[in-house]
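Asks:
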Amino acid sequence: MLKRNTIDQLYDIAIERVKEKNHQIVLNESQLDAIYYSIYGILQHEGEDAARKYVLHAEIRI
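Using the working numbering, you'd call the opening residue of the sequence shown number 4 and step up by one each time.
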């Protein structure tokens with residue numbers, strides 16, 4: 004359950020960053036899924052610190 008909470012927190016931050024960059028963007032379900040699974044993959048393979056750096060600093064491509 005802890006990883007799920009971590010992913011959800013990071014996902015929320017990522018979505019906020021995307022919306023800050025483009026206020027008028029409307030993300031569809033597949034775009035939201037792509038963001039979620041990108042974070043999930045980084046968290047699983049590289050750990051929480053890498054996932055947090057990705058969410059906070061990397062360009063999130065849609």
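We put the CB at the ideal spot given by N, CA and C, even for glycine.
If you're wondering where the values come from, they're calculated on a predicted model, not measured in any experiment.
1) For the stretch 15-27 against the stretch 49-63, are there 3 or more C-beta pairs whose distance is under 8 Å?
2) Thinking ILE38 and ILE10 are a contact (beta carbons under 8 Å), I'd like their distance in whole angstroms, please.
3) So ALA61 is in the alpha helix (DSSP H); what residue range does that whole segment cover?
4) Under a Cβ-count criterion, where at least 16 other Cβ atoms within 10 Å of its own Cβ denotes burial, should MET4 be classed as buried or exposed?
5) May I ask you to report which of helix, strand or coil DSSP gives HIS26?
Replies: Once the coordinates are examined:
1) yes
2) Taking the sequence shown and counting its residues from 1, the one referred to as residue 38 is at position 35. Taking the sequence shown and counting its residues from 1, the one referred to as residue 10 is at position 7. Not quite, the Cβ-Cβ distance comes to about 11 Å (not below 8 Å), so this is no contact.
3) As a working note, residue 61 is residue 58 in the sequence shown. No alpha helix (DSSP H) contains ALA61, which DSSP labels as neither H nor E.
4) Indexing the sequence shown from 1 puts residue 4 at position 1. At MET4, the pLDDT of 45 sits below 50, so the modelled position is not reliable; the number obtained from the coordinates is stated separately. MET4 is exposed by the Cβ-count criterion.
5) For this step, residue 26 is matched to residue 23 along the sequence shown. In the structure shown, HIS26 sits in coil (DSSP, three-state: anything other than H, G, I, E or B).
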